[in-house]
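Those letters in the sequence shown? Residues 5 to 339, per this note's numbering, in order.
For reference, the structure is listed below as structure tokens.
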Amino acid sequence: MHTEKDTKRWDDIILPFQLDRADVRGRVARLDSTLDQILRQHDYPAVVSGQVAEAALLTALIGQTIDLRWKLSIQIRGDGPLRIIATDYFAPKSEAEPARIRAYASFDAEAIEASDLAPFDLLGKGMFAILIDQGKGTQPYQGITPLTGGSLSACAESYFAHSEQLPTRFVTSAAQELGQSEGPAWRAGGIMLQHMPKASPFAKPAEDTQEGSAGAETAQPADTSSYDEDDNWNRASILLDSVEEMELIGPHVGQQQLLRRLFHEETPRVFPAQPVEFGCTCGEDKVRQTMSIYSAKDIQKMTADNGMVTADCQFCGAHYELPPETLGKDAPDAT
Numbered sequence: 005m006h007t008e009k010d011t012k013r014w015d016d017i018i019l020p021f022q023l024d025r026a027d028v029r030g031r032v033a034r035l036d037s038t039l040d041q042i043l044r045q046h047d048y049p050a051v052v053s054g055q056v057a058e059a060a061l062l063t064a065l066i067g068q069t070i071d072l073r074w075k076l077s078i079q080i081r082g083d084g085p086l087r088i089i090a091t092d093y094f095a096p097k098s099e100a101e102p103a104r105i106r107a108y109a110s111f112d113a114e115a116i117e118a119s120d121l122a123p124f125d126l127l128g129k130g131m132f133a134i135l136i137d138q139g140k141g142t143q144p145y146q147g148i149t150p151l152t153g154g155s156l157s158a159c160a161e162s163y164f165a166h167s168e169q170l171p172t173r174f175v176t177s178a179a180q181e182l183g184q185s186e187g188p189a190w191r192a193g194g195i196m197l198q199h200m201p202k203a204s205p206f207a208k209p210a211e212d213t214q215e216g217s218a219g220a221e222t223a224q225p226a227d228t229s230s231y232d233e234d235d236n237w238n239r240a241s242i243l244l245d246s247v248e249e250m251e252l253i254g255p256h257v258g259q260q261q262l263l264r265r266l267f268h269e270e271t272p273r274v275f276p277a278q279p280v281e282f283g284c285t286c287g288e289d290k291v292r293q294t295m296s297i298y299s300a301k302d303i304q305k306m307t308a309d310n311g312m313v314t315a316d317c318q319f320c321g322a323h324y325e326l327p328p329e330t331l332g333k334d335a336p337d338a339t
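So this is what it looks like as structure tokens:
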């Protein structure tokens with residue numbers, strides 16, 4: 005039986021694992037309080053919240069596979085009433101810190117309310133893009149795939165198949181937990197499986213993690229020479245398909261327990277988990293930096309009736325009010 009402490013430890017965690025026998029790696033992720041914090045800051049319709057939840061979960065699963073120094077983003081743009089979903093995964097600054105995630109959506113509320121389309125179809129035709137930014141002095145990497153396949157998870161699978169030539173599977177689930185004092189709380193869980201990459205921006209080997217660390221289970225790598233690669237992948241995919249929704253989002257099955265249930269014949273090897281929390285990088289300095297390209301005349305056009313220039317963060321809802329004379333390329337402190 006899982007105690008309350010066990011359940012809380014599973015919340016907001018990404019657990020890396022490896023199936024040595026099948027030459028497959030993976031991640032199990034759970035977003036609970038982090039996802040709920042992301043969605044409670046916005047008054048999204050449930051169908052929009054569900055799509056944002058899936059996008060945030062995919063971002064967590066993919067972001068943790070990369071030797072990332074700064075940020076991985078997923079940008080989803082369509083011509084339907086759900087126009088934009090944007091997510092960011094910020095790598096932890098040290099081993100002791102959590103990774104950070106943020107997300108938001110832009111949509112036509114009236115069109116969504118009047119629509120009888122399936123949630124994914126609200127996006128219409130468009131693109132699913134993954135962007136990797138390693139920070140100053142580096143060239144950002146971007147890959148794009150069409151919005152196809154009936155789900156965001158299918159789009160991510162298509163991206164890896166065509167852009168990275170990496171067979172990849174995602175199984176995700178998101179739902180609202182009723183009966184909470186502050187209203188329904190969102191929960192999401194998912195599993196990512198991927199053939200071990202040879203050379204790719206997504207090549208973060210599990211061995212980067214210290215084996216034997218607290219919370220890790222270790223095993224000697226199995227001899228894979230006698231197994232056919234396609235058979236290995238197909239076998240792992242079939243086992244993945246046996247996962248149940250409540251195993252992904254319910255509080256009673258821990259991540260390691262779930263891996264043993266699904267892949268016990270593959271002898272899953274798990275590594276130290278990565279905690280995740282909500283985090284936004286907005287701030288007054290970034291607003292000033294954004295405004296630094298505008299002239300004083302442009303800034304004046306942006307000035308509200310109260311004599312201030314206002315800006316709102318789409319991710320966290322933070323509101324900024326700044327004197328117009330301190331903004332723009334003509335401001336005294338502009339460089």
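Beta carbons are placed, not taken as given, at the ideal position from N, Cα and C, and that holds for glycine.
Buried is the label assigned to residue 104, since at least 16 other Cβ atoms lie within 10 Å of its Cβ.
For residue 63, the enclosing alpha helix (DSSP H) begins and ends at 50 to 67. Considering only 63, 164, 332, 266, the residue with the shortest C-alpha distance to residue 147 is 164. Taking 9 angstroms as the cut-off, the Cβ atoms of residue 177 and residue 192 count as close. C-alpha of residue 156 to C-alpha of residue 257: approximately 25 angstroms in a straight line. Secondary structure of residue 140 (DSSP, three-state): coil.
Cβ contact annotation for residue 319 (same chain, cutoff 6 angstroms, sequence separation greater than five): 106, 108, 284, in chain order.
Nearest to residue 328 by C-alpha distance, out of 336, 322, 321, is 336.
Across the structure, residue 233 and residue 246 are spaced so that their CA atoms are roughly 21 angstroms apart.
Beta-bridge annotation (DSSP): residue 38 is not paired with any residue. Between the region 83 to 98 and the region 60 to 70 there are three or more inter-stretch CB-CB distances shorter than 8 angstroms, so the stretches are counted as touching. Residue 293 and residue 303 have their C-alpha atoms spaced approximately 13 angstroms apart.
Going by beta carbons, residue 154 and residue 81 fall outside the 9 angstroms limit.
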